[in-house]
Each structure stands twice: as structure tokens, then as C-alpha cells.
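These notes are about the structure you will find just below.
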Amino acid sequence: MKLFLDEVGKRVMERRKKLGLTQEALGEMSGLTTQFVSYAESGKRAMRPENLMRMAAALGVSTDYLLTGDIIDKDKLLLSDKLGKLTAEEVRIVESIIDECIRLYHKDE
16 MKLFLDEVGK RVMERRKKLG LTQEALGEMS GLTTQFVSYA ESGKRAMRPE
66 NLMRMAAALG VSTDYLLTGD IIDKDKLLLS DKLGKLTAEE VRIVESIIDE
116 CIRLYHKDE
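Sequential numbering from 16 applies to the sequence shown in the working numbering.
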């Protein structure tokens, strides 16, 4: 568990520094204390889901990124949401259209 918390903390710190923020500024932006931000970055404290969401929002990243390091492409996420509104048959039709587009766009490769 400690290794996991260390990795999450490392991602929080790296993103905060990339944005040019102090721990105090991140705390203010997320509604958390400077001490909490420090503990989170050092892996000394696990975050409750609501605090993780606040921290991710303040840093402009997804909670998935903070937890796993995976960057989620918002366009793909939006497409996934749209596909979720279709029936199984409609999804198969869209899939065949995408397959045909891939074949046409990459026919020279």
C-alpha cells in the first residue's frame, strides 16, 4: 500500500510542479490544507475519493491519472459515452463503419 501511495504522491507533486504551483496554492485551489497536500505528495496519507477528485480537478487531470498514471484521451471517453447510448446492433454497425474508415485511411501502409 505504501508503494501505491508513494506513486500517487509522486504524480501529484510532478503535476503541481509542472503547473508552477506551490503546495499552498494547490491546497487553496482544491479546498485542502497545505499539510494535506504535503502528506499526499509524500505518500503519508491516503485520500478519500472526494479529496482525490478535488485534487485531480485542481491539477486538471483525471483521477485515473493520479491513481494509475494512465492518461485518458477525452475524445475517446466522449466517444465511449456516445457508444453507450446505442443498442448492441447499432454498436456493431458503428464498429463496421470505423473498420472501413481505418481500411480506407491506411490502405497505403
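No residue lacks a Cβ here, since even glycine has one placed at the ideal position from N, Cα and C.
Note that the structure is predicted; figures quoted are calculated from it, not measured.
> Given L66, which residues of its chain have a CB within under 7 Å of its CB, disregarding the five upstream and five downstream residues?
Replying inline: For the sequence presented, residue 66 should be read as Asn rather than Leu. For N66, same chain residues with a beta-carbon under 7 Å away, outside a window of 5 residues either side, are L47 in chain order.
>> Mapping the DSSP letters down to three states, classify M16 as helix, strand or coil.
In response: In this structure, M16 counts as coil in the three-state DSSP scheme.
> Sorted by chain position, which residues of the same chain lie with C-beta nearer than 8 Å to I87's C-beta, five sequence neighbours on each side aside?
Replying inline: Same-chain partners within the cutoff: S77, D79 and Y80.
> Does the ligand GTP have even one heavy atom less than 8 Å from the beta-carbon of I112?
Replying inline: Absent from the structure shown: the ligand GTP. Ligands present: none.
> What number of angstroms, rounded off, separates the C-alpha of L20 from the C-alpha of G58?
Replying inline: Roughly 5 Å between the two C-alpha positions.
> Whole alpha helix (DSSP H) runs in the stretch 43-79 with 4 or more residues, listed along the chain?
Replying inline: Listed in chain order, the complete alpha helix (DSSP H) runs (minimum 4 residues) inside the stretch 43-79 are 49-57 and 64-74.
>> Here's a check: name, in chain order, each residue in its chain whose Cβ is nearer than 8 Å to the Cβ of K17, leaving out the five neighbours to either side.
In response: G58.
>> Tell me the DSSP secondary structure of G99 in three-state form.
In response: When secondary structure is reduced to three states using DSSP, G99 falls in the coil class, being assigned neither helix nor strand.
> Whose C-alpha, out of G42, S53 and D96, is nearest the C-alpha of L74?
Replying inline: Selection G42, S53 and D96 evaluated against L74 yields G42 as nearest (Cα-Cα).
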